[in-house]
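See below for the structure under consideration.
Residue numbers (mature numbering (1 follows the signal peptide of the UniProt record, and there is no 0)): -38 to -1, 1 to 473.
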């Protein structure tokens, strides 16, 4: 009897503990999740926290967006789970949470009597190999309110998400997703929160097509290419405001690396507005090619090629550094000298125009500070070589000067100086070997590369006449002989005066 009492007492104690635990679990399962109004934008530096993402859940009331607590609701180290080998799901928790590893192959077995699982939140770790089955399996969870997909190798969705009556939150993070169609989530009419952070998204074709009741879109942590079109963030405020973390979007492309996307798009819109407002630039292409790292000053390029321009534009946007105006009818380059809108322009492309004179740029600020000057294919015949030599010698920024495809005319003096200039600055005049000129040889006009011409060629001295004495040389010889004769006579007279005390006879004849 004592033993029975002992057993009965023990059983009663176990029941008391078990009842207390059951009651506690029931209370926890009945507790409602706290409402979250903003996403946590601070990411910790540890590997475990970086791998652990917050699962977004939905409260019982359909219009309220909730966030599931972290911890077990994570895909960190999911491949070590026993269900991962077969692409299966774990058992449904009491609060309607379903966790699947690499697939949902046992979803039918988990359902009771063929009824759909009453899952409200689902965490899918690893994308299933057969993505086509995913849609069908997903529709077996009609009461699903929150879906999270993490740690997957897929790069794009080959399908659009089906219509789900209760699905309000989709979180796709830590995957290789690099492209997403604007229509991917169009049919999810109840969607309120879409989290696409920490993927490999490079661009969006445009704003995503989302339901009218949509509230929050998260896009940070992706390697965005800001050379693509994201102007809709500013041009469509009703769409841009949905991107909750828009101030955290950073560019990773080479041109705008580590710049804020909103800042880049703002500069692009301002440049477009400025160019379209001026008649000279209305048909030109205006681009931003760089942003200075510390000052965050944008640098612009204006391209007005093939526009039948007869003169350089009278106006350029502030901070324009490059002007490309090839294949036009320009003959005057005076704006480079005195137009204040050109004070920051260091690269000028004037290929295939009608420029015949650049001497007006002599001793100007622009010529002493330019970086690139393309004069190929113009009408240049001569220039002040000494002025260009001085400018290139003083200009530490000079990187490229192109002079080929011009009808240079090599006289003896100019041709020799031009050849010396091309040899001296061959690292800057990189088309020096292609610079050709016309020259006269025996009354015949010839064309040859300047660097291949000799003094005999340009000074019209033939090889046969090279040994003949020029009349000027004859004159020089006569003058030299006279000088020697005078010096000899002076020495003779000095000798006679010193030793014989006789003055020259011409002195005796003088009155």
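Glycine included, every Cβ here is placed at the ideal spot set by N, Cα and C.
Would a C-beta distance cut-off of 8 Å place residue i and residue j closer than the cut-off?
i	j	result
residue 310	residue 283	no
residue 318	residue 343	yes
residue 45	residue 51	yes
residue 276	residue 242	yes
residue 131	residue 154	yes
residue 213	residue 188	yes
residue 299	residue 326	yes
residue 412	residue 364	no
residue 254	residue 263	no
residue 86	residue 62	yes
residue 156	residue 142	no
residue 274	residue 259	no
residue 303	residue 278	yes
residue 146	residue 123	yes
residue 182	residue 225	no
residue 415	residue 377	yes
residue 229	residue 207	no
residue 330	residue 301	no
For residue i and residue j, I'd like the C-alpha separation in whole angstroms.
i	j	result
residue 114	residue 138	7 Å
residue 289	residue 121	48 Å
residue 240	residue 362	30 Å
residue 81	residue 129	11 Å
residue 293	residue 313	12 Å
residue 148	residue 84	20 Å
residue 125	residue 171	14 Å
residue 201	residue 195	7 Å
residue -10	residue 56	Model confidence at residue -10 stands at a pLDDT of 38, short of 50, so the residue's coordinates are unreliable and nothing is read from them.
residue 185	residue 341	48 Å
residue 198	residue 151	21 Å
residue 419	residue 399	12 Å
residue 22	residue 223	Its pLDDT being 29, under 50, residue 22 is placed unreliably by the model, and the measurement read from it follows with that caveat. Those two C-alpha atoms are separated by around 37 Å.
residue 450	residue 347	45 Å
residue 458	residue 452	10 Å
residue 383	residue 332	18 Å
residue 71	residue 48	13 Å
residue -1	residue 133	Because residue -1 sits at a pLDDT of 34, beneath the cut-off of 50, its placement in the model cannot be relied upon, and the point is left open.
residue 174	residue 204	11 Å
residue 269	residue 291	9 Å
residue 89	residue 100	13 Å
residue 454	residue 440	21 Å
residue 166	residue 371	56 Å
residue -6	residue 97	With a pLDDT of only 31 at residue -6, under the threshold of 50, the placement of this residue in the model should not be trusted; the figure read from the coordinates follows. Rounded to the nearest angstrom, the two C-alpha atoms are 28 Å apart.
residue 232	residue 367	38 Å
residue 73	residue 67	12 Å
residue 316	residue 436	46 Å
residue 244	residue 105	55 Å
residue 387	residue 359	13 Å
residue 280	residue 395	37 Å
Classify residue i: buried if its beta carbon has 16 or more other beta carbons within 10 angstroms, exposed otherwise.
i	result
residue 297	buried
residue 407	exposed
residue 463	exposed
residue 385	exposed
residue 110	buried
residue 391	buried
residue 465	exposed
residue 328	buried
residue 353	buried
residue 178	buried
residue 135	buried
residue 443	exposed
residue 397	buried
residue 20	Model confidence at residue 20 stands at a pLDDT of 28, short of 50, so the residue's coordinates are unreliable; what they give is reported in the following sentence. Classification for residue 20: buried.
residue 461	exposed
residue 112	buried
residue 287	buried
residue 65	buried
residue 456	exposed
Taking only heavy atoms of the ligand SAM into account, decide whether any of them is closer than 7 Å to the Cβ of residue i.
i	result
residue 437	Questions concerning the ligand SAM fall outside what the structure shown contains, since it holds no ligand whatsoever.
query: Counting only runs that start and end within the stretch 270 to 343, where is the alpha helix (DSSP H) found for 4 or more residues in a row?
result: 297 to 300
query: Where in the stretch 384 to 451 do unbroken runs of the alpha helix (DSSP H), each at least 4 residues long, occur, reported from the N-terminal end onward?
result: 417 to 420
- request: Note down, one range per segment and in chain order, each alpha helix (DSSP H) of at least 4 residues found wholly within the stretch 123 to 205.
  value: 194 to 197 and 199 to 202
query: At what residue ranges does the stretch 204 to 270 contain a whole run of the alpha helix (DSSP H), taking only runs of 4 or more?
result: 223 to 238
query: Quick one: complete beta strand (DSSP E) runs, 3+ long, within the stretch 348 to 382?
result: 362 to 364
- prompt: Enumerated in chain order, which unbroken segments of the beta strand (DSSP E) with a length of 3 residues or greater are wholly contained in the stretch 70 to 107?
  reply: 83 to 87
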